[in-house]
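Quick note on numbering: the numbering used here labels position 133 of the sequence shown as 182, and the sequence is numbered without any gaps. Everything below concerns the one structure shown next.
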Amino acid sequence: MPRFAFQVLALLLLAVLAGPLWALKVTLKSEEKPIDVTPLRLEGGNVVVKRGSKEMTYALDDFVAESAFEIRKSLTAREARPLMALARFALHRDLYAQARDSAREAASLDASLATEQQEVVSLSDTLEAEALYARANAEIDAADAEGARKTLTGLMQRFKDSPAARRAQALLSVLDQLAAEIKARQLQEEARKAQEAADAELKKKRQPIDDWLYEFEVQLGKDERRLSEADGDARAGHTGRGLGAMEEIVNNCAKARESLVKNESYLIYKGQKERAAAISERAKRLMVDTYERWVSHLFAMKNFAFASKVCERGLELDPKDRRLLALKVDIDEVYDKKSVLDGISPPGSGD
């Protein structure tokens, strides 16, 4: 052999042993776009590559499965044992076709690996059949009956003697029914979501008025508690503070009821008119209760003229309130309103 030709062959051999001198287009799991790298060497589970002008080290599992296999393959010698190891590397990453091809190539280089090759091929077939069955189920869940039918048919044709193929045959017989049931559930879910969206939009529109009504309810709660406190003040002798608070409570309730009537046209959403009516009735009841307490304290103070007027206001709201009716009888027994209006002092005022 000429010396020049020998040198060329030697250089080519060194290049093969040293690893590939061409770039591979691979994809990292952490990056969307493929990158160009030149694999240099393996270091355990890592690979050293040239990316641009820099040498970089990555874990093989940093790459998507297909890219990790191509990198490992590019650095694998075309020898039986390394190729069988490559086959198992592919098998562990669900790359069944690559696993079968690598195992067959290994066995073609070393006949003693025939049994191991058959094990890899058999396991690849079993796992791929199960993967296809799982994919068909996922397509059924997505109501893709035609996609599932195609997957199941392909499974049965390629792996007809496998357990997955037998299950596929059974599933194929009820495929349309299953797909229809799942589609119905999907439609129900879509309807539920649409209703939720509509409810959210409705809530957004009605929220200002609902909040406005809620403010009345909160104020009524405060005034109900305040009436109890005002009654306690009046009983304790702090009549000015107690009766003043009662007057404020009555005025608050009257303003609330007036506002509800004035803004009734804004109560357009379901339940708002009923809620407003309940608030108005609650305010009315609080006014009557307040008038009753107010009149009782005025009567005890012998302020019959004012007690009579306050009692009349309460009876205008509820002419049948027994407490106010009883107080009116008591007031009328000791005080003639007409005499006061005529300028005549009540009996006993000059004693």
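Beta carbons are placed, not taken as given, at the ideal position from N, Cα and C, and that holds for glycine.
In the three-state DSSP reduction, T106 falls in the strand class (E or B). Rounded to whole angstroms, the Cβ separation of K99 and V86 is 7 Å, and the two are in contact under 8 Å. In the same chain as A305, and ignoring 5 residues on each side of it, the C-beta atoms closer than 8 Å to its own belong to F265, Q268, L269, I328, S329 and A332, in chain order. Rounded to the nearest whole angstrom, the C-alpha separation of R90 and Q167 is 30 Å. The beta carbon of K232 sits closer than 7 Å to the beta carbons of A192 from its chain, once the five residues preceding and following it are set aside; these are given in chain order. About 5 Å separates the Cβ atoms of H346 and A283, confirming a contact at the 8 Å cut-off. Per DSSP, reduced to three states, the secondary structure at P257 is helical. With fewer than 16 neighbouring CB atoms inside 10 Å of its own CB, T106 falls in the exposed class. Contact between L335 and A325 fails: their C-beta atoms lie close to 16 Å from each other, not under 8 Å.
Annotation for N301: no beta strand (DSSP E) segment contains it, though the alpha helix (DSSP H) segment containing it runs T288 to K311. Secondary structure in the segment 143-201: the alpha helix (DSSP H) runs of 4 residues or longer, each lying completely within the stretch, are 145-158 and 163-190 in chain order. In this structure, the CA atom of F118 is about 13 Å from the CA atom of M133.
Around the C-beta of D338, 16 or more other C-beta atoms lie within 10 Å, and the residue is accordingly described as buried. Comparing alpha carbon positions, the residue from I84, L144 and A72 closest to L124 is A72. Taking the Cβ atoms as the reference, G94 lies roughly 6 Å from L109, within the contact range of under 8 Å. Within the segment 321-356, the complete alpha helix (DSSP H) runs of at least 4 residues fall at 321-349. Annotated as proximal: A197 and A185, with beta-carbon spacing under 7 Å. As DSSP reads the structure, I84 sits in a beta bridge with V75. Under the 8 Å Cβ criterion, the segment 312-325 counts as touching the segment 249-262, having at least three qualifying pairs. DSSP, read as helix, strand or coil, puts F208 in coil. With fewer than 16 other CB atoms across the displayed protein chains lying within 10 angstroms of its CB, K322 is exposed.
The closest CA to that of R137, considering only D280, L172 and S79, is found on L172. For K377, there is no enclosing beta strand (DSSP E); the residue is part of the alpha helix (DSSP H) that begins and ends at R371 to V383.
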